[in-house]
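K.L.:
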Amino acid sequence: MRTIAHSVVTFLLSFSLPSPPLSTSPSLDLSSLGLSSVNIDSSIQAVSVHILAGTPPDPPNGNFDDEKCSPAQVTAIRNGIADARNMAAGAIELLKPKDMKKSNGFFWIFGGSTVDPAVIAKHFSFVLRLGTANEIMSTEDYKNSKTDLIFTCIPPTAPKATSVYANTQNIGRQKSVLNLIRLSPLGLANTESYTVAAARVKALGKIEAGFPNKQVGTVSGPVPPIAFTIVHEVQHAHPLMDDPGRDFLVDEKVLDAQGVLRRAYGFQQIMQLDLPKKQRNPQNFAFFAMLAASNPEIFAPNCFIGPAPLGPAPLIAGRAWVQKPLGPDTCRATVPGACAACKKIIKGIPGDVKLPNFEPDSM
Ligand SMILES: [Zn+2]
Numbered sequence: 392m393r394t395i396a397h398s399v400v401t402f403l404l405s406f407s408l409p410s411p412p413l414s415t416s417p418s419l420d421l422s423s424l425g426l427s428s429v430n431i432d433s434s435i436q437a438v439s440v441h442i443l444a445g446t447p448p449d450p451p452n453g454n455f456d457d458e459k460c461s462p463a464q465v466t467a468i469r470n471g472i473a474d475a476r477n478m479a480a481g482a483i484e485l486l487k488p489k490d491m492k493k494s495n496g497f498f499w500i501f502g503g504s505t506v507d508p509a510v511i512a513k514h515f516s517f518v519l520r521l522g523t524a525n526e527i528m529s530t531e532d533y534k535n536s537k538t539d540l541i542f543t544c545i546p547p548t549a550p551k552a553t554s555v556y557a558n559t560q561n562i563g564r565q566k567s568v569l570n571l572i573r574l575s576p577l578g579l580a581n582t583e584s585y586t587v588a589a590a591r592v593k594a595l596g597k598i599e600a601g602f603p604n605k606q607v608g609t610v611s612g613p614v615p616p617i618a619f620t621i622v623h624e625v626q627h628a629h630p631l632m633d634d635p636g637r638d639f640l641v642d643e644k645v646l647d648a649q650g651v652l653r654r655a656y657g658f659q660q661i662m663q664l665d666l667p668k669k670q671r672n673p674q675n676f677a678f679f680a681m682l683a684a685s686n687p688e689i690f691a692p693n694c695f696i697g698p699a700p701l702g703p704a705p706l707i708a709g710r711a712w713v714q715k716p717l718g719p720d721t722c723r724a725t726v727p728g729a730c731a732a733c734k735k736i737i738k739g740i741p742g743d744v745k746l747p748n749f750e751p752d753s754m
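Converting from the sequence shown to the numbering used here requires adding 391 to each position, the first position being numbered 1.
1. First and last residue of the beta strand (DSSP E) that includes residue 574?
2. Please state if the CB of residue 447 and the CB of residue 459 are separated by a distance shorter than 7 angstroms.
3. With a threshold of 16 other CB atoms inside 10 Å of the CB of residue 681, please say whether the residue is buried or exposed.
4. Cβ-heavy atom distance between residue 751 and ligand 1 below 6 angstroms?
5. Going straight from the alpha carbon of residue 712 to that of residue 743, what length do you get?
6. Give a yes or no on contact between the segment 517-525 and the segment 681-696, applying the rule of three or more CB pairs nearer than 8 angstroms.
7. Specify whether the segment 503-516 and the segment 644-658 touch according to this definition: at least 3 beta carbon pairs, one from each stretch, less than 8 angstroms apart.
8. Is residue 545 closer than 7 angstroms to residue 624 when the C-beta atoms are compared?
9. Just grab the DSSP bridge partners of residue 612 for me.
10. Could you tell me which of 478, 733, 738, 732 sits nearest to residue 587, measuring between CA atoms?
11. Quick one: residues in its chain with C-beta nearer than 7 angstroms to the C-beta of residue 761, no 5 flanking neighbours on either side, listed in chain order?
12. Return the bridge partner residues of residue 560 from the DSSP annotation.
13. Hey, how far is the Cα of residue 553 from the Cα of residue 746?
14. Using 7 angstroms as the threshold, is the C-beta distance between residue 581 and residue 605 below it?
15. Provide the residue span of the alpha helix (DSSP H) that contains residue 591, from first to last.
16. Is there contact here, the segment 466-482 with the segment 605-619, by at least three beta-carbon pairs under 8 angstroms?
17. Report the rounded CA-to-CA distance for residue 535 versus residue 564, giving the unit in angstroms.
18. Report the residue from 490, 750, 474, 499 whose alpha carbon sits nearest the alpha carbon of residue 509.
19. Per DSSP, what are the beta-bridge partners of residue 644 in this structure?
20. Taking 7 angstroms as the limit between beta carbons, can you name the residues of its chain near residue 467, skipping five residues before and five after?
21. Let's see if you can read the secondary structure: which residues bound the beta strand (DSSP E) around residue 524?
22. Give every residue of the same chain whose Cβ lies closer than 6 angstroms to the Cβ of residue 621, excluding the five residues on either side of it in the sequence, and list them in chain order.
23. Given the structure, does residue 673 come close to ligand 1, in the sense that its CB is under 6 angstroms from one of the ligand's heavy atoms?
24. How is residue 743 classed by DSSP in three states: helix, strand or coil?
25. Output the boundary residues of the beta strand (DSSP E) element that contains residue 442.
26. Taking 6 angstroms as the cut-off, is the C-beta of residue 642 nearer than that to any heavy atom in ligand 1?
27. Compare the Cα-Cα distances from residue 520 to each of 530, 740, 539, 533 and report the closest residue.
28. By Cβ distance below 7 angstroms, which residues in the same chain neighbour residue 568 in space, the five residues on each side in sequence not counted?
29. I'd like the ranges of any beta strand (DSSP E) spanning at least 3 consecutive residues and lying wholly in the segment 650-694.
Printed below as a string of C-alpha cells:
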C-alpha cells in the first residue's frame, strides 16, 4: 500500500522562493510551494466534510450510525477543524525559507537536509482541504462516495473507545464503504486550541506541557488538542489526498526498550525512527506543527551544528543514538536565539509525551 515514489515527488516539487505570505483561506494558493505541479490532476474533486450528529440509538444498531456526535461534540469538531487548518498553515509557512531544512530541529523530526520540505508541506496542505462541515443525521447517503468525508464520535461504550484517540476509515480498506474520521471520547476530551498548548510548551520548555492529562471514564492520560489529532488523521484520509496510493501514510514502528516494535506515537519515539520513516509517520507531522507554533527557532534556516546531516559524512540511518547531527559549531542562523536553541537540541529535542493509539484503519 505504501508505494511512495519519493524521488519522483521530490523532482516534481521543486521548492521555489520567494513566496507570498500564506493565508488560511480555503482557496490557498500553494503554487509558491511548487505544489501546483502535483495538483494538475483535474479529477481531484473537492471533498465535502460532514459531522454525524444526533442522539445515538439505544440500543445501538451495530454500525457507524451509532457514532452520532452531541451538539457539544459537533462544536468541538468544527473548532478543531478550523484550528487544524491554522496549525497546518503555520507549519507550511515555517517550511518556506531557503535552507530551513538545514536545521537540527528539521533533522530530528523529518530527517534533515536529505528531505525536500515541499514534500512535507504537501502533506500539511491536505489538512487545508477540510472545508466547512455540515451536520448529517445518517451515513446512508454517503456510502461509496469518494468525495465525502464524515467525522463521527465513537460512543463511550464501544470497544476501544477508551484506548484510542481516533481512527480513520477509507472506502475499500477493511471493507469500509465510508470515508470516516472517528474521534473517541478521549480524542475529544481536550478542546483547547493548539495555540494555547503551544504557548505552554514555550513557557515551560517541555513538549509534555502541550498534552494535559484528562480523565474519561476510568481512563486518564495525556490528550492532544483536537487539531493535533486531526493533522495526524488527515494523513490516513484518502479523500483529502492527491493520490491515496502515493500519499497515504501508515503509522511507522520503532523498537522500544524491550525490543518490541511499536507504533511511534510518543515524542521520543518519533525522533528515534529511521530517517526515511520520519517523513512518512503521521505523528511526526503533528508534532512538527505543534513545535512550529511553540519553538520555531529550532527550525530556523542554517540552524545546525556540525557537518552531518549536511556535509559529506554519510548519515547512519537508524536509531537516534547512531544519528549524528554532531560536530563543530557551524551555526550560521541569523534568527535571534536560533544557534543557542540548536546547540541545546544537538542530541534530540528534550521532553517526552507518551501517547496511546491513533489508529489508521485497524479497529
Ligand atoms: Zn495514525
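C-beta: ideal position from N, C-alpha, C; glycine also.
It should be emphasised that the depicted structure is a prediction, and the values quoted were computed from it without experimental measurement.
P.N.:
Considering the structure as presented:
1. Note, residue 574: beta strand (DSSP E), 571-574.
2. yes
3. So residue 681 counts as buried.
4. yes
5. Reliability of the predicted coordinates at residue 712 is poor, the pLDDT of 40 falling under 50, and the value obtained from them is presented with this limitation in mind. Rounded to the nearest angstrom, the two C-alpha atoms are 16 angstroms apart.
6. no
7. Using a Cβ-Cβ distance cut-off of 8 angstroms, the segment 503-516 and the segment 644-658 are not in contact, since fewer than three pairs of beta carbons, one from each stretch, lie closer than that value.
8. One thing to note: residue 624 has its Cβ no nearer than 7 angstroms to the Cβ of residue 545.
9. Beta-bridge pairing by DSSP links residue 612 to 605.
10. 478
11. Within the shown structure, residues of the chain are numbered from 392 to 754, placing residue 761 beyond reach of any answer.
12. DSSP lists 571 as the bridge partner or partners of residue 560.
13. Between residue 553 and residue 746, the C-alpha separation is close to 13 angstroms.
14. yes
15. 585-595
16. yes
17. 12 angstroms
18. 490
19. 654
20. 579, 582, 617
21. 524-527
22. 471, 475
23. The answer is yes for residue 673.
24. DSSP places residue 743 in coil when its eight states are reduced to three.
25. 439-443
26. yes
27. 539
28. 534, 535, 562
29. 652-654
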